[in-house]
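S.K.:
Chains as they are written, first to last, in the numbering used here: chain D, 1 to 23; chain P, 24 to 373.
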């Protein structure tokens with residue numbers, strides 16, 4: 001699969017989603 | 024008839040040789056095998072891999088003896104509610120978890136193999152309710168989803184060394200019912216689940232929060248998918264799913280397991296690998312560990328797949344004593360526990 005299929009990929013997806021999530 | 028149908032597949036040398044019978048145990052007092060599992064039992068400084076067998080009214084612990092024989096160490100009697108399944112707790116010693124109920128799980132219990140307080144085997148109630156899914160986690164923890172008419176509760180409970188339940192942690196529930204859980208390997212604080220409307224949900228389960236981080240669609244072709252395993256690599260979340268209700272198609276055959284890569288940042292996904300049922304087989308009840316999957320098929324055979332190759336690597340036909348009813352990996356994929364309805368359990372080296 002290519003990045004264009006899946007959109008921009010982040011190695012730190014878990015930390016970034018945790019920071020964005022409402023507490 | 025079934026054996027004849029399977030012969031062409033068994034003639035493939037790889038499949039014939041990849042499972043080797045190591046030993047067999049038979050519970051002569053049981054005629055209603057429900058589940059089988061393996062557990063580490065540590066006593067007097069030594070650690071042994073033991074087998075746990077469950078029938079509707081009791082659960083037994085077996086330890087290895089000399090000459091590939093097994094001896095029953097202890098049997099817990101469970102009362103009126105039938106045992107539905109054994110819930111393995113990864114990397115845990117001297118502790119087994121069981122789910123009891125009728126059509127669905129109504130009760131979860133710990134079975135402590137050995138209590139240092141009074142040198143005894145004991146059991147204690149962990150949770151009651153309309154429990155839809157339960158999974159044993161590392162560090163003596165257990166996650167479950169349960170429903171009332173109004174709301175869903177997703178909760179992690181943990182158990183102390185002495186067998187007492189510690190305080191639980193509540194996770195933010197999605198709107199739809201959670202049907203299965205999987206720990207994200209290598210990420211202690213990440214947990215995924217599959218839901219009744221075919222979504223993957225991701226939680227953060229650190230000590231402070233139980234945030235629901237993301238909900239991602241699996242796709243409409245595979246209703247009620249069940250997650251078995253999850254791991255993160257190169258910024259993608261890989262999830263191993265089984266598809267108990269997927270329809271057979273000419274292009275894909277009869278799908279048993281898929282590995283899907285999700286981008287958690289965008290919720291987009293793509294299929295990575297696809298494992299089909301052997302031709303002419305239907306139905307499955309699967310168990311996944313690492314890159315290996317095992318399932319009992321409706322023919323009474325057990326099939327084993329390499330999920331990374333997308334290939335069936337072994338097929339164990341029904342034996343002369345009857346069909347297989349249970350297939351579970353022991354603590355590693357080196358050992359497959361294969362159970363028959365009469366309480367016979369065979370250990371195969373894979």
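Even for Gly, the Cβ is constructed at its ideal location relative to N, Cα and C.
Predicted, not measured: the structure shown is a model, and the values here were computed from it.
(1) In whole angstroms, give me the CA-to-CA distance for residue 159 (chain P) and residue 114 (chain P).
(2) For chain D, check one thing: does any of its Cβ atoms lie closer than 8 Å to the Cβ of residue 134 (chain P)?
(3) So what's residue 58 (chain P) in DSSP terms, helix, strand or just coil?
(4) Applying a beta-carbon distance threshold of less than 9 Å, which residues of chain D neighbour residue 115 (chain P)?
(5) Is there at least one Cβ from chain P nearer than 8 Å to residue 9 (chain D)'s Cβ?
(6) Under 8 Å: do the region 231–250 of chain P and the region 278–293 of chain P share three or more Cβ pairs, one atom per stretch?
(7) Relative to the C-alpha of residue 296 (chain P), which residue among P:290, P:328, P:286 and P:289 is closest?
(8) Identify which residue in P:190, P:218 and P:232 has its Cα closest to the Cα of residue 241 (chain P).
(9) From the DSSP output, which residues share a beta bridge with residue 128 (chain P)?
(10) Note down, in chain order, each residue of its chain lying with its Cβ closer than 6 Å to the Cβ of residue 229 (chain P), except the 5 sequence neighbours on either side.
(11) Pull up the distance between the alpha-carbon of residue 28 (chain P) and that of residue 110 (chain P), whole angstroms please.
(12) Can you list, in chain order, the residues of its chain whose CB lies under 8 Å from that of residue 17 (chain D), leaving out five sequence neighbours each side?
(13) Using a Cβ-Cβ cutoff of less than 7 Å, which residues in the same chain neighbour residue 339 (chain P) once the five nearest sequence positions on both sides are dropped?
(14) Take residue 30 (chain P) and list the residues in its own chain whose beta-carbon comes closer than 7 Å to its own, dropping the five residues that flank it on each side.
(15) Among P:80, P:344, P:165 and P:100, whose alpha-carbon lies nearest the alpha-carbon of residue 145 (chain P)?
(16) Counting contacts by CB-CB distance shorter than 8 Å, is residue 205 (chain P) in contact with chain D?
(17) Starting from residue 315 (chain P) and walking both ways along the beta strand (DSSP E), at which residues does that stretch end?
(18) Rounded to whole angstroms, what's the CA-CA distance from residue 130 (chain P) to residue 81 (chain P)? Just pull it up for me.
(19) So with CB distances below 8 Å, who are the chain D contacts of residue 239 (chain P)?
(20) At which residue ranges does the region 282–331 of chain P contain complete beta strand (DSSP E) runs of 3 or more residues, listed in the order of the chain?
(21) Would you list the one or two residues that DSSP bridges to residue 172 (chain P)?
(22) Contact criterion: CB-CB distance below 8 Å. Does residue 288 (chain P) meet it with respect to chain D?
(23) Looking at the structure shown, is residue 88 (chain P) part of a helix, part of a strand, or coil, going by DSSP?
(24) For residue 240 (chain P), list the residues DSSP reports as bridge partners.
(25) Which chain D residues are close to residue 234 (chain P), counting only those with a beta carbon under 8 Å from its beta carbon?
(26) Does DSSP classify residue 24 (chain P) as helix, strand or coil?
M.R.: Looking at the atomic coordinates:
(1) As a position in the second chain, residue 159 (chain P) is number 136, starting the count at 1. As a position in the second chain, residue 114 (chain P) is number 91, starting the count at 1. Spanning the alpha carbons of residue 159 (chain P) and residue 114 (chain P) requires a straight line of approximately 10 Å.
(2) As a first step, residue 134 (chain P) is located in the second chain; it is residue number 111 there, counting from the start. Not closer than 8 Å to any Cβ of chain D, the Cβ of residue 134 (chain P) fails to qualify, so no.
(3) The residue given as residue 58 (chain P) occupies position 35 in the second chain. Looking at residue 58 (chain P) - three-state DSSP - the assignment turns out to be strand.
(4) Counting from 1 along the second chain, the entry for residue 115 (chain P) is found at position 92. The contacting residues do not exist; residue 115 (chain P) stays about 25 Å from chain D at best.
(5) Stepping through the first chain from its first residue, residue 9 (chain D) is reached at position 9. It does: the Cβ of residue 9 (chain D) has a partner Cβ on chain P nearer than 8 Å.
(6) Yes: the two stretches touch, three or more of their Cβ pairs being nearer than 8 Å.
(7) Translated into positions along the second chain, residue 296 (chain P) becomes position 273. Nearest of P:290, P:328, P:286 and P:289 to residue 296 (chain P), Cα basis: P:328.
(8) Taking the second chain and counting its residues from 1, one reaches residue 241 (chain P) at position 218. Per the Cα distances, P:218.
(9) For the purposes of this step, residue 128 (chain P) is taken as the residue at position 105 of the second chain. Bridge partners of residue 128 (chain P): P:124 and P:154.
(10) Numbered from its first residue, the second chain carries residue 229 (chain P) at position 206. Closer than 6 Å at Cβ, skipping near neighbours: 212.
(11) For the purposes of this step, residue 28 (chain P) is taken as residue 5 along the second chain, with counting starting at 1. For the purposes of this step, residue 110 (chain P) is taken as residue 87 along the second chain, with counting starting at 1. Per-residue confidence for residue 28 (chain P) stands at a pLDDT of 38, beneath the threshold of 50, marking its modelled position as unreliable; no derived number is given.
(12) As a working mapping, residue 17 (chain D) is identified with position 17 in the first chain. Excluding the 5 residues flanking it on each side, residue 17 (chain D) has no same chain C-beta neighbour closer than 8 Å.
(13) By one-based count along the second chain, residue 339 (chain P) stands at place 316. These residues qualify, in order along the chain: 42, 324, 325, 347 and 361.
(14) To locate residue 30 (chain P), count along the second chain from 1; it is residue 7. Residue confidence for residue 30 (chain P) is low, a pLDDT of 38 falling below 50, so the modelled location carries little weight and cannot support an answer.
(15) Counted from its first residue, the second chain places residue 145 (chain P) at position 122. Among P:80, P:344, P:165 and P:100, the Cα nearest to that of residue 145 (chain P) is on P:100.
(16) Here the question's residue 205 (chain P) lines up with position 182 in the second chain. Answer no: the Cβ-Cβ gap between residue 205 (chain P) and chain D never drops below 8 Å.
(17) Here residue 315 (chain P) refers to the residue found at position 292 of the second chain. From DSSP, the beta strand (DSSP E) with residue 315 (chain P) extends over 315–319.
(18) As a position in the second chain, residue 130 (chain P) is number 107, starting the count at 1. As a position in the second chain, residue 81 (chain P) is number 58, starting the count at 1. Straight-line measurement puts the Cα of residue 81 (chain P) at about 15 Å from the Cα of residue 130 (chain P).
(19) As a first step, residue 239 (chain P) is located in the second chain; it is residue number 216 there, counting from the start. What residue 239 (chain P) touches in chain D: nothing, since even the nearest Cβ is about 11 Å away.
(20) Segments of the beta strand (DSSP E) lying fully in the region 282–331 of chain P: 291–299, 309–312, 315–319 and 325–329.
(21) Indexing the second chain from 1 puts residue 172 (chain P) at position 149. For residue 172 (chain P), DSSP assigns no beta-bridge partner whatsoever.
(22) Working through the second chain from its first residue, we reach residue 288 (chain P) at position 265. True, the Cβ-Cβ gap to chain D drops below 8 Å.
(23) By 1-based counting over the second chain, the position of residue 88 (chain P) is 65. Coil, per DSSP.
(24) For the purposes of this step, residue 240 (chain P) is taken as the residue at position 217 of the second chain. The beta-bridge partner set that DSSP reports for residue 240 (chain P) consists of P:222.
(25) Position 211 of the second chain, counting from 1, holds the residue named residue 234 (chain P). Chain D residues near residue 234 (chain P): 18, 21, 22 and 23.
(26) Residue numbering aside, residue 24 (chain P) sits at position 1 when the second chain is read from its first letter. Residue placement at residue 24 (chain P) is flagged as unreliable, the pLDDT there being 36, under the threshold of 50; a coordinate-derived value is accordingly withheld.
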